[in-house]
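The next block holds one structure in the form of structure tokens; read it before the comments.
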Amino acid sequence: MSLTVTSEPSKTMSSLRADPSSQQQQPTVNMVIRQDPFYVTLDASALLAVSILTVLGMHFVDHLLLEFLIIAVPIALLIHNDYLNFLKLGPGGTPPTPSGYARLTFYRLFTLRDPFTPPPRNVVSSPSTGILSKLPYRPGPRPTVAGLAPQRQLNQHGSVECYNRLRAALENLSKKHPNVFVTATSCLEKHGFALFARHPLNVCGNGEIVHIHSSDRSMHMNLHPDDIKEILEKGWGQRHPMAWSGWVRAPLPETFSMVYAPRDESDLKIVCRIVEAAIWYVIAEKVEIELE
């Protein structure tokens with residue numbers, strides 16, 4: 001994983017000319033996430049050494065111990081590689097420690113097997129319906145997604161410009177309606193920008209509506225099952241693997257979903273509609289997000 005720090009203008013060039021005091025640049029962090037596969041390469045010398053050690057072990061090592069080593073060594077290598085891939089996903093809601101990794105390994109036993117099937121619809125809940133309808137299909141294939149907590153896009157990272165515009169729009173929304181919204185660091189991710197509702201109807205993470213990952217510019221949000229069905233069918237996102245239902249209590253609600261990072265102006269407009277749907281589900285009020 002490589003980490004570079006670049007500087008992006010905080011405003012457009014026209015606004016900079018109009019307001020010289022705003023010419024300060026804000027740093028943004030771009031992360032290149034790489035998931036390494038696990039593989040073992042044996043050349044002739046290594047293959048000969050393994051063969052000799054195996055034969056010697058059959059004669060001089062207790063059979064049970066030898067069988068244990070033959071099975072344990074590949075397992076240890078697999079775990080080590082998987083742990084390194086977990087760390088490469090960057091900061092998230094789970095501490096990047098062996099104990100945090102062990103907890104996620106336990107959760108893997110219960111994760112969703114199909115993140116593209118919507119959760120069941122509860123007609124008793126409020127609001128009773130979603131607001132998204134007839135979204136256009138997302139152009140191109142879905143991005144590759146990995147991880148539980150954190151969960152990240154491995155490719156098709158969104159543009160920095162789209163990230164800045166969406167963040168500015170949500171900040172302006174909270175300033176325009178200070179009694180309804182507030183922006184802060186995500187309490188679920190514990191990193192990154194998030195929009196909260198002061199009086200949520202459907203509570204998730206202290207009223208968190210949406211948070212945006214600064215590394216890949218994807219986001220997580222709480223959505224009505226109707227709207228989740230729409231974004232799944234049109235290719236704009238997928239459900240979070242830890243938003244399951246069953247006898248083991250899930251750490252996230254069934255309605256918790258990932259929305260892919262906006263790549264351009266067209267994507268950004270659709271993503272704004274999806275965030276509006278998240279606001280609708282959390283506070284049951286229709287709000288329009290205005291881009292600048």
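Using the UniProt record's numbering, the letters of the sequence shown correspond one by one to residues 1 to 292. Every residue, glycine too, gets a C-beta built ideally from N, C-alpha and C. All of these numbers come straight from a predicted model, not from anything done at the bench.
The shortest CA-to-CA distance from Lys234 to any of Val259, Ser214, Pro251 is the one to Val259. For Ile212, the three-state secondary structure derived from DSSP is strand. His224 carries a coil assignment under DSSP once its states are collapsed to helix, strand and coil. The Cβ atoms of Ala261 and Leu252 lie no closer than 7 angstroms to each other. Unbroken beta strand (DSSP E) stretches of 3 residues or longer found wholly inside the stretch 180-205: 181-185, 193-197, given in chain order. Residue environment analysis places Phe256 among the buried positions, since at least 16 neighbouring C-beta atoms fall within 10 angstroms of its C-beta. Val210 places its beta carbon less than 7 angstroms from that of Leu195.
With contact defined as three or more Cβ pairs closer than 8 angstroms, the stretch 55-75 and the stretch 155-168 are not in contact. Contact between the stretch 119-139 and the stretch 77-94 is not established, with fewer than three Cβ pairs separated by less than 8 angstroms. With three or more CB-CB distances shorter than 8 angstroms, the stretch 108-128 counts as touching the stretch 221-231.
In the three-state reduction of the DSSP assignment, Phe68 falls in the helix class. Counting only the Cα atoms, Val275 lies some 15 angstroms from Cys204. The beta-carbon separation of Arg217 and His177, rounded to 24 angstroms, does not stay under the 8 angstroms limit for a contact. Judged by DSSP in its simplified three-state form, Ala76 adopts helix. In terms of CA proximity to Ser159, Ser266 leads the group Ile71, Ser266, Leu173. Cβ-Cβ distances below 8 angstroms link Gly192 to Thr185, Ser186, His211, Ile212, His213, Ser214 in the same chain, with the five nearest sequence neighbours on each side left out; the list follows chain order.
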